[in-house]
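To keep things clear, I will list the structure first and then write my remarks on it.
Residue numbers (the numbering used here), protein chains in the order written: chain A, 330 to 734; chain B, 330 to 734.
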């Protein structure tokens, strides 16, 4: 059985994702599709629009056979750690191939790119440092450093977000010495940063989230951009009285938490560097909402994404010491099953015996270092609900079985 | 000018307080009345029903000439620290006499009690330890230890809360080697722990708070228990759209904060002892409101008051290290003026030159260790408001002058 691995957020699952899933399956002739999906907090430092359960069901209805969780410590991180976590899970689950979407769309130039950066590692790192000293953010410095090496124009452009992720997936496969084959297909979508939803059937997840949250549109209003299965899941979610998760809802808690802890505590939070904790604490006192705070705070060095990721670490209370322990294996220390269909279930039964890391369907009492942080991510994610709603949701972590189709 | 010092909470200022103020003034023939008042969080570990400003005005309208703040680090503490902070402030303000309310009502037996406990210090401490080892809370162990010494029945009974405070005021005066004279008058009120308001004109502050919060009564409903000045201040407070501060409002934030910090952080919070932080964190997850949480949590050893005080330290994020630094002088490191009338103002001008600790009318940028914690208490106190309301209130700390009558 040939297993295809996909690394996803599905925030929410839309037509672009459906296209990518199908096209990847066709390209790789896979018998089974495994998705490793971020849980509660996503790569750019945002809470997931809907809880994992709903997003898992969207994935299964959209063609996935098995959905597993990317542990929290990898999910709200820059591309390098994000890739290590996700690739290691697909490797342990026996995926023969991982197929990522990229702006470039051809796999061979990615492999050449990885070789090129291996050969020029010293010069590359030197340039990165130089640009950081000039006050650029890490992602900007990395992309300027790449250009400074005058790469062949046939290589993927490392200023594009999905090319960057793709490159890191390949690096992680090599570091793991995995036999997993990388593959890519061109992203068939609006640009990642595009925010306006159009009449086209493929819109960015960002524009979909904005339509739902800022413009209070309904799933019916955006139905041309999402599969009907996604639409039905969202409608059921809404009609049960739930609303979508976004940063503004967390601002009152984030503000209160940051201002009622000593700065010496904040300095121990993961990603607190260069006095960021002092600036964060003095700025957040002045603003009434997350957007205004971020707009006033972001600089050339502290990008919106960097600040959001730090805000997530503050919200979950993840310390440098905890992150170090959780990241020490440089890969996932467990696999959490979020959902499966029959095919996924039988695949899982088949490979379970040869798994090198433990597999869980619920949160256990005795936790691995990564699970300790997964639980805090869950506690933080639901913290914006009322205490009564929270306690119900927290219990589900320990009680509810995976979604089954 | 003979200055009388009173140590108060005025939560809120009621007929019993008015009686105590007048009777103390008559008994001591004082020219001026100075009140040192707890700020945002009170001795039994509760948020003040109304902000300092309103309670300051109540005090001034009720006969006080000068109202100053008891710094946070002394205000939510057991009697010994509470007394050290309050007595040191009255001493620095040149009060010639401090007059406290007590169940006993005679000063000489209090002085004899202090001598008696000095003489029996060793045996007393031995008994306290023994009872604590048997699982009693500190206050219970202290009162059992006192009884075990078979004190003369003429001595004040140290199982009564106001007698305990009185004893500690006398100890603090002696430790400071202050010339301030202690005086006491019998409390003319309902018992401190009484919760039902009656038709009598003197009711406990607890029963008044309960009437306003739990039974949603209006200041008009309880007018027989409070001076008309207090009633008018409360009515103005309510009609400006404000509501009273109480623990249930803080529960969502407290719960979220405790559960989204590593237990290693909680262990560094002041008053975290004997693994209290672990128990606190695992219990608070299970409950929807403060009352249910406390009811389920309290034990023979962990009294309601002890738990509430720890909850206050968690809410303000006060660490053991910060408390140690702030308590190191064993007295107030500054005086904050909350309000005054003309007489209070001229008294203050008169004694200002000979003051040994700095006097402030607003929160300064450069803070003493105690002021750093005062500011966090303010941030924590208003944290239950919306971010917009919070930022307005926080600014007042730095901007508004004292209340003047």
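Even glycine gets a Cβ: it sits at the ideal position worked out from N, Cα and C.
Since the structure is predicted, the reported quantities are computational estimates derived from the model, not experimental observations.
Can you grab the Cα-Cα spacing for the pair residue i / residue j, in whole Å?
i, j, result
"residue 734 (chain B)", "residue 630 (chain A)", "51 angstroms"
"residue 637 (chain B)", "residue 440 (chain B)", "31 angstroms"
"residue 466 (chain B)", "residue 366 (chain A)", "50 angstroms"
"residue 552 (chain A)", "residue 656 (chain A)", "40 angstroms"
"residue 712 (chain A)", "residue 703 (chain A)", "14 angstroms"
"residue 546 (chain A)", "residue 540 (chain A)", "6 angstroms"
"residue 714 (chain A)", "residue 548 (chain B)", "33 angstroms"
"residue 490 (chain A)", "residue 447 (chain A)", "20 angstroms"
"residue 693 (chain A)", "residue 724 (chain A)", "12 angstroms"
"residue 688 (chain A)", "residue 339 (chain A)", "22 angstroms"
"residue 510 (chain A)", "residue 428 (chain A)", "8 angstroms"
"residue 459 (chain B)", "residue 612 (chain A)", "51 angstroms"
"residue 557 (chain B)", "residue 486 (chain B)", "35 angstroms"
"residue 648 (chain A)", "residue 591 (chain B)", "8 angstroms"
"residue 609 (chain A)", "residue 435 (chain B)", "55 angstroms"
"residue 533 (chain A)", "residue 345 (chain A)", "8 angstroms"
"residue 374 (chain B)", "residue 543 (chain A)", "41 angstroms"
"residue 337 (chain B)", "residue 682 (chain B)", "26 angstroms"
"residue 700 (chain A)", "residue 691 (chain A)", "11 angstroms"
"residue 484 (chain B)", "residue 632 (chain B)", "26 angstroms"
"residue 359 (chain B)", "residue 663 (chain B)", "25 angstroms"
"residue 583 (chain A)", "residue 717 (chain B)", "14 angstroms"
"residue 697 (chain B)", "residue 331 (chain B)", "30 angstroms"
"residue 537 (chain A)", "residue 368 (chain A)", "19 angstroms"
"residue 678 (chain B)", "residue 658 (chain B)", "25 angstroms"
"residue 594 (chain B)", "residue 643 (chain B)", "10 angstroms"
"residue 476 (chain B)", "residue 646 (chain A)", "47 angstroms"
"residue 503 (chain A)", "residue 730 (chain A)", "34 angstroms"
"residue 579 (chain A)", "residue 372 (chain A)", "17 angstroms"
"residue 667 (chain A)", "residue 550 (chain A)", "29 angstroms"
Please name the residue or residues paired with residue i in a DSSP beta bridge.
i, result
"residue 733 (chain A)", "A:669"
"residue 515 (chain A)", "A:431"
"residue 376 (chain B)", "B:370"
"residue 364 (chain A)", "A:335, A:396"
"residue 689 (chain B)", "B:665"
"residue 426 (chain B)", "B:333, B:510"
"residue 598 (chain B)", "B:648"
With a Cβ-Cβ cutoff of 8 angstroms, do residue i and residue j count as a contact?
i, j, result
"residue 453 (chain B)", "residue 494 (chain B)", "no"
"residue 363 (chain A)", "residue 399 (chain A)", "no"
"residue 639 (chain A)", "residue 605 (chain A)", "yes"
"residue 335 (chain B)", "residue 361 (chain B)", "no"
"residue 370 (chain B)", "residue 404 (chain B)", "yes"
"residue 686 (chain B)", "residue 661 (chain B)", "yes"
"residue 705 (chain B)", "residue 397 (chain B)", "no"
"residue 443 (chain B)", "residue 499 (chain B)", "yes"
"residue 574 (chain A)", "residue 708 (chain A)", "no"
"residue 554 (chain A)", "residue 342 (chain A)", "no"
"residue 669 (chain A)", "residue 395 (chain A)", "yes"
"residue 430 (chain B)", "residue 514 (chain B)", "yes"
"residue 433 (chain A)", "residue 492 (chain A)", "yes"
"residue 383 (chain A)", "residue 566 (chain A)", "yes"
"residue 507 (chain A)", "residue 488 (chain A)", "no"
"residue 480 (chain A)", "residue 710 (chain A)", "no"
"residue 586 (chain B)", "residue 586 (chain A)", "yes"
"residue 512 (chain A)", "residue 654 (chain A)", "no"
"residue 497 (chain A)", "residue 424 (chain A)", "no"
When you compare the region 351-368 of chain A with the region 377-393 of chain A, are there three or more beta-carbon pairs, one atom per stretch, that lie closer than 8 angstroms? These segments touch.
At a cut of 8 angstroms, does the region 619-628 of chain A reach the region 591-607 of chain A through at least three beta carbon pairs? The answer is no - the region 591-607 of chain A does not touch the region 619-628 of chain A, with fewer than three Cβ pairs under 8 angstroms.
Touching or not, the region 609-622 of chain B and the region 674-681 of chain A, by the rule of three or more beta carbon pairs under 8 angstroms? Between the region 609-622 of chain B and the region 674-681 of chain A, the count of Cβ pairs shorter than 8 angstroms is below three; the stretches do not touch.
Which runs of the beta strand (DSSP E) at least 3 residues long sit entirely within the region 398-484 of chain A? Give them in chain order. With a minimum length of 3 residues, the continuous beta strand (DSSP E) runs that stay inside the region 398-484 of chain A are 426-431.
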